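> Residue numbers (my numbering), protein chains in the order written: chain A, 2 to 300; chain B, 6 to 285. For every residue, glycine included, the Cβ atom is placed at its ideal position computed from N, Cα and C. For clarity, every value in this text was computed on a predicted model and none was experimentally measured.
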């Protein structure tokens with residue numbers, strides 16, 4: 002089983018703290034989305050995991066191997082797309098993929114089939130013999146993903162994978178990540194700015210801000226969320242566990258994620274019986290509200 | 006998991022290919038061809054008119070191979086600068102470009118050690134530099150064979166040996182400068198400033214004020230490439246004894262020692278810095 006373990010990692014760039022005592026334990030396959038505003042520490046986390054930067058403190062383990070101490074072993078089963086990488090401009094996409102394949106230990110007799118496989122997955126088959134110096138931003142993004150998919154790694158790290166792509170390209174990229182996730186045999190750790198992208202692709206969403214996890218939640222498309230506006234703010238609220246999965250309060254309104262079987266009426270009745278006066282109730286986008294609430298609270 | 010040697014050979018061939026297809030490589034080829042053509046013209050024109058450019062005392066002092074030694078000195082005088090230009094093109098941006106051009110995001114997450122990666126790039130840079138200067142050496146050999154039939158003089162082979170060591174050391178030195186910066190322009194300028202200005206100025210000042218030749222400077226050590234023909238210094242303030250005989254074995258060994266130390270120290274320092282390099 003693939004695993005990613007980040008233990009008490011801190012990373013500072015001079016005076017700027019990018020990650021602060023950050024811990025994360027991923028033991029189950031699936032797609033994990035990292036959401037957060039600019040400068041929250043998303044990219045730094047992925048850079049620590051891919052040996053692009055070294056943590057100031059703490060350890061990052063991939064499949065139980067310390068990335069800083071043994072990057073060659075730790076990254077053997079990792080495919081990564083971090084920031085917007087550039088390639089050596091005088092080499093073709095095929096040569097670039099051949100290099101990555103050889104470094105990742107793909108046998109010589111399987112090189113061409115592996116290059117065909119990843120280039121078809123990322124729709125760059127027609128561009129393999131062009132020099133990468135002539136590639137557009139979108140094409141470089143696809144080639145980068147193709148490099149990440151070489152040798153079918155058990156852990157894929159993607160930093161804003163749809164950045165720089167046109168709408169069609171963005172949809173293709175999301176479809177591809179969804180397909181990769183369907184196998185349920187790998188961890189896909191993906192950072193994004195786009196909440197709807199995380200909702201569409203990810204099984205679990207982690208919101209980070211100021212270098213720390215501020216929320217970690219299972220993303221269930223079947224979730225039913227309602228926002229309830231009250232006349233006045235409640236001092237405390239404690240919903241019965243069989244009705245509500247989780248809830249958070251923002252001023253006079255409460256965002257409630259209901260359990261299956263629970264109805265809007267159950268929630269309303271409970272609040273009324275607790276003495277609350279309800280002004281209105283409406284279905285809401287839970288993750289978006291949660292994100293805005295958490296990010297604006299901490300800032 | 007592929008062996009370190011396997012990843013090294015894969016990476017060096019990858020870098021070598023990127024180097025020899027670059028504009029810098031073709032520019033160096035043109036420079037090398039141009040300089041070779043000029044020296045060929047010079048040699049053919051002045052082979053029988055050496056008394057116009059060389060003091061008669063010097064001509065008289067040289068034996069039968071004297072003419073070849075003089076032309077060897079001229080060819081080596083120009084040869085000295087070719088590896089400097091080549092390593093500026095290939096070496097001074099070797100590490101800074103990985104950061105500035107963002108190729109680090111492509112290679113750092115790969116399962117290949119940074120030491121292996123930089124050593125592979127170093128070997129590739131040395132190889133392309135040697136290719137560009139080889140053209141010049143082939144021209145020199147052809148011209149010498151035409152003008153002075155028979156076996157090539159010993160100085161020619163000694164000069165090539167010293168050149169190879171010099172290419173390793175100047176490339177390592179430029180890699181070190183490159184490892185300090187994250188911007189290509191700074192790396193280019195610093196290499197030029199240090200090698201062509203600081204070293205020369207330091208040499209002149211030390212010789213002028215203290216009457217000592219700073220043999221430990223890389224450019225002074227590299228002069229052995231021309232001194233294997235005639236032991237003459239072109240520095241007007243030089244205190245080194247000039248003779249029309251080739252440099253002594255001691256001088257050659259000292260130069261080799263200095264160049265080897267530069268190569269080892271510079272490359273080791275570059276490796277340490279590159280291993281700790283982060284892309285913010």
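Please report the residue range of the beta strand (DSSP E) in which residue 193/A lies.
Start and end: 188 to 193.
> What residue range is occupied by the uninterrupted beta strand (DSSP E) comprising residue 251/A?
Here the beta strand (DSSP E) through residue 251/A covers 245 to 251.
> Tell me whether residue 72/A sits in a helix, a strand or coil according to DSSP, three-state version.
Residue state, collapsed to three classes: helix.
> What does the Cβ neighbour count give for residue 300/A, buried or exposed, with the cut at 16 atoms within 10 Å?
For residue 300/A, the pLDDT reaches just 49, beneath the cut-off of 50, and the residue's location in the model is therefore unreliable, although a value from the coordinates is still provided. Looking at its Cβ environment, which holds fewer than 16 other Cβ atoms inside 10 Å, residue 300/A is exposed.
> Using C-beta distances below 8 Å, list every residue in its chain close to residue 129/A, excluding the 5 sequence neighbours before and after it, in chain order.
Excluding residues within five positions, the ones whose Cβ falls inside 8 Å are 93, 94, 95, 98, 116 and 120.
> Indicate whether at least one CB of chain B lies closer than 8 Å to the CB of residue 105/A.
For residue 105/A, the answer is yes, since a Cβ of chain B falls inside 8 Å of its Cβ.
> Where residue 202/B and residue 194/B are concerned, what is the direct C-alpha to C-alpha distance, given to the nearest angstrom?
Near 11 Å, if we compare the C-alpha coordinates of residue 194/B and residue 202/B.
> Name the chain B residues whose beta carbon is nearer than 8 Å to that of residue 85/A?
By Cβ distance, chain B contributes 107 and 110.
> Identify the residues that DSSP records as bridge partners of residue 93/A: which are they?
In DSSP, residue 93/A forms a bridge with 132/A.
> Buried or exposed: residue 15/A, going by 16 or more other Cβ atoms within 10 Å of its Cβ?
Label assigned to residue 15/A: exposed.
> Under DSSP, the beta strand (DSSP E) around residue 284/A begins and ends at which residues?
Start and end: 279 to 284.
> Using the C-alpha atoms, what's the distance from residue 38/A back to residue 194/A?
If I take the Cα positions, the gap works out to 7 Å.
> Along chain A, which residues have their Cβ under 7 Å away from the Cβ of residue 188/B?
Within 7 Å Cβ-Cβ: nothing; residue 188/B doesn't reach chain A, min ~15 Å.
> What are the start and end residues of each continuous beta strand (DSSP E) run of 3 or more residues lying completely inside the segment 138 to 174 of chain A, in chain order?
Counting only runs of 3 or more, we get 156 to 160.
> Should residue 35/A and residue 156/A be called a contact, given that it needs their Cβ atoms to be closer than 8 Å?
Not in contact: residue 35/A and residue 156/A (Cβ atoms no closer than 8 Å).
> At a CB-CB cut-off below 7 Å, which residues of chain B make contact with residue 125/A?
Those within 7 Å of residue 125/A in chain B number zero; the least Cβ separation is about 15 Å.
> In terms of DSSP beta bridges, what is residue 231/A paired with?
Partner(s): 279/A.
> Could you say which of 83/A, 140/A and 227/A lies nearest to residue 288/A if we only look at CA atoms?
Nearest option by C-alpha distance: 227/A.
> Run through DSSP, which three-state label would residue 32/B get?
Residue 32/B: helix per DSSP, three-state reduction.
> List the residues of chain B whose Cβ lies closer than 7 Å to the Cβ of residue 100/A, in chain order.
Near residue 100/A (Cβ distances below 7 Å), the residues of chain B are 15 and 19.
> Residue 229/B and residue 273/B - do their beta-carbons sit closer together than 8 Å?
Cβ distance not < 8 Å, so residue 273/B and residue 229/B don't count as in contact.
> Please report how far the alpha carbon of residue 219/A lies from the alpha carbon of residue 113/B, in whole angstroms.
Taking the straight line from one Cα to the other gives about 32 Å.
> Residues bridged to residue 213/A by DSSP?
According to DSSP, residue 213/A bridges with 210/A.
> Tell me the DSSP secondary structure of residue 300/A in three-state form.
At residue 300/A the pLDDT is 49, less than 50, meaning the model places this residue with poor confidence; the figure from the coordinates comes in the next sentence. Looking at residue 300/A - three-state DSSP - the assignment turns out to be coil, as it is neither helix nor strand.
> Would you kindly work out how many angstroms separate the C-alpha atoms of residue 3/B and residue 120/B, rounded to a whole number?
Nothing about residue 3/B can be reported from this structure: the residues present for chain B run from 6 to 285 only.
> Step through the CB atoms of chain A and report whether any lies within less than 8 Å of the CB of residue 53/B.
Chain A, which has no Cβ nearer than 8 Å to the Cβ of residue 53/B, makes this no.
> Within 8 Å of any Cβ in chain A, is that where the Cβ of residue 113/B sits?
At least one chain A Cβ lies under 8 Å of residue 113/B.
> Measuring straight from C-alpha to C-alpha, what distance separates residue 261/B and residue 226/B?
Distance between the alpha carbons of residue 261/B and residue 226/B is about 7 Å.
> When the Cα of residue 223/B is compared with those of 204/B, 237/B and 210/B, which residue comes out closest?
Answer by Cα proximity: 204/B.
> Please tell me whether residue 91/B and residue 52/B are closer than 8 Å, where the distance is taken between their beta carbons.
Taking 8 Å as the Cβ cut-off, residue 91/B and residue 52/B do not qualify as a contacting pair.
> On a CA-only basis, which of 89/A, 110/A, 42/A and 127/A is nearest residue 107/B? Give me that one, please.
Among 89/A, 110/A, 42/A and 127/A, the Cα nearest to that of residue 107/B is on 89/A.
> Starting from residue 21/A and walking both ways along the beta strand (DSSP E), at which residues does that stretch end?
Per DSSP, residue 21/A belongs to the beta strand (DSSP E) from 17 to 27.
> What number of angstroms, rounded off, separates the C-alpha of residue 124/B from the C-alpha of residue 141/B?
When rounded, the distance between both Cα atoms is 26 Å.
> Residue 236/B and residue 219/B - do their beta-carbons sit closer together than 8 Å?
Against a cut-off of 8 Å, the Cβ pair of residue 236/B and residue 219/B comes out as no contact.
> Quick check on residue 35/B: buried or exposed, where buried means 16 or more other Cβ atoms within 10 Å of its Cβ?
So residue 35/B ends up on the exposed side.
> Determine the chain B residues that contact residue 88/A at a beta-carbon separation under 9 Å, and present them in chain order.
Chain B residues near residue 88/A: 108 and 111.
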